[in-house]
Amino acid sequence: MRMSKLLFKTLREVPAEAELPSHQLLLRAGLVTPLAAGLYCFTPLGWRVFRRIENIIREEMDRSGAQEVHLPALSPIELWEQSGRSVTMGQTLFRLADRKERGFALGPTHEEVVSFLASRHIQSYRDLPVTVYQIQTKFRDEPRPRGGLIRLREFTMKDAYSFDAGWEALDTSYQLAFDAYIRIFERAGVPVIPVAADSGAIGGKDSQEFVFLTPNGEDEILLCPGCGYAANAEKAEFRRPDAVAAEAAPLERVSTPGQKTIADLAAFLGIEARQTAKAVFYRADGKPVMAIVRGDLDVNEVKLKNALKATALEVMEEAHVRAAGLVAGSAGPVGLQGVKTVADPSVVEAANLVAGANEADVHLRNVNHGRDWTAELVAEIALARAGDACARCGAVLEARRGMEMGHVFKLGTMYSEAMGVQYLDEQGERKPAVMGCYGIGVDRLIAACIEANNDANGITWPAEVAPYDVHVVALNLDQEAVATALAGLEAELGAVGLSVLVDDRPDSAGIKFKDADLLGIPVRLTVSPRSLEKGGFEIRNRRTGETDVVGAAEVVGRVRGVLGIG
RNA sequence: CGGGGUGUAGCUCAGCCUGGCAGAGCGCUACGUUCGGGACGUAGAGGCCACAGGUUCAAAUCCUGUCACCCCGACCA
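Going letter by letter, the first sequence gives residues 686 to 1251 in this note's numbering.
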């Protein structure tokens, strides 16, 4: 491709909207152009990168034995009603009606549709196992699209679904997908770590996210330097710091005027936060719930939601707090009526806590679970934080930020039951297929790739992802010797299957070099009167900056060397 | 949905407080000079100042409302 013909535009300045390095470079290098919040156009260069990422994914999925399919993005709303997700996806689901007013949805993911497909093709255990995948556009009406290609409203996902006869067989399919993912991220030049993730209230067993660790990530990850345990903060298990041990003392009222927060209360009474109980109010599927954790801990809403098996959990609004007869700042579980109580073990095990008396400006001292009150549900609902002890080895957990690049998930039979994906086993018994699902965000992977591969001058693409293999800068192309040498070079590189971008624009050398650095193609070859005088072409490694002059005879070999293809 | 910020040329922004000709740099077009790390000169093109209403002799500027975009939070199988 000749740059004089290429539809592209680099920007010298960073558009005001971009904060993440990847977002800035995507825009500056002209790989994408924003259309609206969460919607981007890909330019020819950007699309080439997209296609190369797609191909890596396709190759590795195929290698793992998965079969590519294509499912419609548009699907009848009935399908979503059947699975229940018309309700649970809520506003995130893009809905529309056809001319006859029949309801449709734009798929945010494809469990329902793939289940439909599977139900038409799977009848016997002999048809299993099978894994299908597609690389498809997804639509999600996200409350807040952000970060360039990180969170979009229309995006491309590689989504795969496995169907097995039984959980044990699923383990094998899951492992195959897991291994494919490791290879994909490796080839795409994005370092990831697998971390334990929440699998939601719908059941399911294991769930792991592949996380790219970066300070710009939106997920909080907890890592154990001792045993290597890694988990999403929502999922992370930890050892609660010890409670203050004591014999149960008599309950007593204490006046605490104006003491609303745990920090205030502890300071006022001259005690530690861990000697108090923290009560937080929620509405779980519309019903009032009080979550109680020790004062030094915070509520993990995902764990709470799972413990309650709730589909919707929200912090209780002021009006509902009053309606439930709760006193913000002085609420506690003792004597509480009409509100479901969920307690973390940290509260159950602790003696003599200070808790709200459900009366303004009054707290109770020496509250003991089992004597003064009993929780309706005891479950681990506290949030792990950096500094907590690892549940497995006791070492101190560290917090890191990360971007979720992929997710593998043992789904189970939820969708196969709802959508009727059944098979007959050896005994002739009808059973729901056990499903797994496996997703990778393609657009997001491009952003992460840039986030992981850039320097002060621009992008430094991994060889397999770069829009072209070689960037040829031609200077003084009006001189016949240069034009002839360029033609020969292009022919030679093309003959061995290397893709070449030629900067044949009549601009100054400085502009061309700057653009070459920004675009980040791994090898730059310069053809100019000066290079020819020195005996050939100047070759430069974008990553290392290493520069040398090579003759026409060695040029292909040297280029391949930089690209790492022999 | 809550909090904060921004909307003026393709991009980055000034002008707004204190109402009175629509601005700069970069980019773009033409010509000339230059020619290996974002060159220089000359001449140009390019604007519904986000939108709507109001105040005023007069609104980019003041007032009200709406919309869009960005950031933090909530949310995100």
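From the three backbone atoms N, C-alpha and C, an ideal C-beta is built for every residue, glycine too.
Predicted, not measured: the structure shown is a model, and the values here were computed from it.
In terms of DSSP beta bridges, what is residue i paired with?
i	result
A964	I977
S760	A790
W645	The structure shown does not extend to residue 645, since the chain is modelled only from 686 to 1251, so the question has no answer here.
G1041	H1048
V1019	Answer is none; V1019 lacks a bridge partner.
Q1107	P1117
D864	Paired residues: none, contrary to the question.
L781	F789
G1124	D844, H1092
V1063	A1028
Note down, in chain order, each residue of its chain lying with its Cβ closer than 7 Å to the Cβ of residue i, except the 5 sequence neighbours on either side.
i	result
A1076	E922, F923, R924
A886	For A886, the predicted structure reports a pLDDT of 48, less than 50, and the residue's modelled location is therefore unreliable. The matter cannot be settled from this model.
V1063	A1028, P1030, V1033
F693	G715, T728, P729, L730
C1078	C909, G911, C912
A751	T816, V817, Y818, A845
S1216	F1222, E1223, V1234
How far does the beta strand (DSSP E) with residue i in it reach, from first residue to last?
i	result
P719	717–721
S940	937–940
D849	839–849
K1025	1025–1028
Q819	815–824
N1226	1222–1226
H1156	1155–1159
A881	878–881
V1185	1185–1188
V1244	That residue, V1244, is in no beta strand (DSSP E); its alpha helix (DSSP H) goes 1240–1248.
Measuring CB to CB, does residue i end up less than 7 Å from residue j?
i	j	result
A1084	C909	no
D1189	A1159	yes
V1052	V1019	yes
V880	E894	yes
D1110	V987	no
M1088	F966	no
G1246	A1148	no
T961	D1046	no
L1178	V1155	yes
R733	P1152	yes
S800	M1090	no
E999	R968	yes
I867	E739	no
R838	P830	yes
G1126	M842	yes
Residue range of the alpha helix (DSSP H) that residue i falls in?
i	result
A1132	1127–1137
Y1100	1099–1104
A1176	1165–1180
Q709	706–713
P729	729–748
S892	Note, S892: premise wrong, no alpha helix (DSSP H); beta strand (DSSP E) at 892–898.
E999	Run containing E999: none in the alpha helix (DSSP H); it sits in the beta strand (DSSP E), 998–1000.
T1232	Not the alpha helix (DSSP H): T1232 falls in the beta strand (DSSP E), residues 1232–1235.
R1077	Counting along the chain, R1077 falls outside any alpha helix (DSSP H), and DSSP gives it neither H nor E.
E796	796–806
Suppose the cutoff is 6 Å on Cβ atoms and the five residues either side in sequence are ignored; what does the same chain contact list for residue i look like?
i	result
D1073	F923, L1082
A1194	L1160
A1040	A962, G1017, L1049, V1052
Kindly indicate which three-state DSSP category residue i falls into: helix, strand or coil?
i	result
R687	strand
R836	strand
Y914	coil
N1142	coil
G1091	strand
K972	strand
R811	helix
E853	helix
D927	coil
R1085	strand
L696	coil
Q1112	coil
E702	coil
I906	strand
A886	Reliability of the predicted coordinates at A886 is poor, the pLDDT of 48 falling under 50, and no value is obtained from them.
R829	coil
T946	coil
E1218	helix
Excluding the 5 residues flanking residue i on each side, which residues of the same chain have their C-beta closer than 8 Å to its C-beta?
i	result
G874	C1134, A1137, N1138, W1146, P1147, E1149, V1150
S1309	Given that the chain is displayed from residue 686 to residue 1251, the structure contains no residue 1309 and the question cannot be resolved.
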